[in-house]
Amino acid sequence: MEDIIKEADKLVAQGQFHKVYHYLKASLKNYDDVELLWRFAQACYLCVYYVTNKPSKAFCETYFSEGMNAAKKAMEKNPNHANSLTWYGILWDEHSNLKGFSERFKNVSQLYDIWIKSQKLDPNNFLTEGSLGIWYFIMTDVYSTKPELFKGTKYTGKEFSYELALKHMLKCEELAPMRSVITLAHLAKCYARLGEKDKAKDYATQLK
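So the numbering used here is basically just the index in the sequence shown, starting at one, shifted up by 2.
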């Protein structure tokens, strides 16, 4: 098992995402283990986002579904496993977003709870911090443009802000500089919303 984990992590570090996807998929037939399940979920996500050409919706649906189901299984096996929780939240959010923002919006409260639980279990998980930061950013963005969506929910608009989004995204960068491209993209957007054009430009430049 340890050798499988080491090989999977090595392939991810080398950027061989489709190779690690197939490697873990085969390994899971023999070892239905939490550590392999969440890594497989991660591989599914990486296969969608780190490709040369933009993938089709059907491609995304396949990989997000597989990843979400693997992370859910890992979470059910161990409800207190931070990486399983974080990846389940990420892939659930991505899968819902394929159906449109209204579908994505239905899950915002549960997603927040999942990532907060993960953060408490592992305060130094950069992906959890990035996920929370993006959650705060999106919620702030939506509330400022479509406050009517929050009618009948528990949110009043005081629970989130661009400043809170920055706090978590910068923590993500502190823990793992340049590791999360999506967090970098949202940092650029967040600074732009706050009128800090130079910082927004700096982060946008890092994406090139």
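Just so you know, even glycine gets a beta-carbon here, dropped at the ideal spot from N, CA and C. These numbers were taken from a predicted model, which means no experiment stands behind them.
| query | Short check: CB of G69 to CB of A43, under 9 Å? | reply | Residue numbering aside, residue 69 sits at position 67 when the sequence shown is read from its first letter. Residue numbering aside, residue 43 sits at position 41 when the sequence shown is read from its first letter. Yes, the pair counts as a contact, with Cβ atoms nearer than the cut-off.
| query | Using the C-alpha atoms, what's the distance from R41 back to K8? | reply | Here residue 8 corresponds to residue number 6 of the sequence shown, with the count starting at 1. Here residue 41 corresponds to residue number 39 of the sequence shown, with the count starting at 1. The alpha-carbon atoms of K8 and R41 are separated by roughly 11 Å.
| Going by the CB atoms, is the gap between L129 and K89 shorter than 9 Å? | Counting from one through the sequence shown, the residue named residue 89 turns up at place 87. Counting from one through the sequence shown, the residue named residue 129 turns up at place 127. Per the sequence shown, the amino acid found at residue 89 is Trp instead of Lys. Cβ distance < 9 Å, so W89 and L129 count as in contact.
| When we look at the beta-carbon of Q121 and count the other beta-carbons within 10 Å, is it buried (16 or more) or exposed? | Your numbering for residue 121 matches position 119 in the sequence shown. It is buried - the Cβ of Q121 has at least 16 other Cβ atoms within 10 Å.
| request: Please check the pair C174 and T185, which I expect to be a contact at CB under 8 Å, by giving their CB distance rounded to whole angstroms. | output: Along the sequence shown, one-based indexing puts residue 174 at 172. Along the sequence shown, one-based indexing puts residue 185 at 183. Contact flag correct, Cβ pair sits at about 5 Å.
| said: Quick check on DSSP: helix, strand or coil for V127? | reply: Working through the sequence shown from its first residue, we reach residue 127 at position 125. The identity of residue 127 in the sequence shown is Asn, whereas the question assumes Val. N127: coil per DSSP, three-state reduction.
| task | Report the three-state DSSP secondary structure of A60 (helix, strand or coil). | result | Your numbering for residue 60 matches position 58 in the sequence shown. Note: A60 maps to helix in three-state DSSP.
| task | Rounded to whole angstroms, what's the CA-CA distance from Q112 to L196? Just pull it up for me. | result | Here residue 112 refers to the residue found at position 110 when the sequence shown is read from its first residue. Here residue 196 refers to the residue found at position 194 when the sequence shown is read from its first residue. Approximately 27 Å, taken between the alpha carbons.
| query | Is there contact here, the region 30-39 with the region 58-67, by at least three beta-carbon pairs under 8 Å? | reply | no
| Beta-carbon separation of L166 and A187 under 9 Å? | For this step, residue 166 is matched to residue 164 along the sequence shown. For this step, residue 187 is matched to residue 185 along the sequence shown. It is not a contact, given that the beta carbons lie outside the stated cut-off.
| message | Along the chain, where does the alpha helix (DSSP H) containing Y164 start, and where does it finish? | response | In the sequence shown, counting from the first residue as 1, residue 164 sits at position 162. First-last of the alpha helix (DSSP H) with Y164: Y164 to L177.
| message | For the alpha helix (DSSP H) containing K199, name the first residue and the last one. | response | Position 197 of the sequence shown, counted from the start, is the residue given in the question as residue 199. It spans K199 to Q208 - the alpha helix (DSSP H) in which K199 sits, taken as one unbroken run.
| From L13, K75, K74 and G154, residue whose alpha carbon lies closest to that of A45 | In the sequence shown, counting from the first residue as 1, residue 45 sits at position 43. Among L13, K75, K74 and G154, the Cα nearest to that of A45 belongs to L13.
| task | Would you tell me roughly how many angstroms separate the C-alpha atoms of L177 and D143, rounded to the nearest one? | result | Sequence index remark: in the sequence shown, residue 177 carries index 175 (1-based). Sequence index remark: in the sequence shown, residue 143 carries index 141 (1-based). Spanning the two alpha carbons is a distance of roughly 25 Å.
| Thinking C-alpha only, which one of K79, L168 and T207 is nearest E131? | As a working note, residue 131 is residue 129 in the sequence shown. Comparing Cα-Cα distances from E131 to each of K79, L168 and T207, the minimum goes to L168.
| Cα-Cα separation between A2 and S146, rounded to whole angstroms | Summary: the structure shown does not reach residue 2, with the chain confined to residues 3 through 210, and so no result is reported for it.
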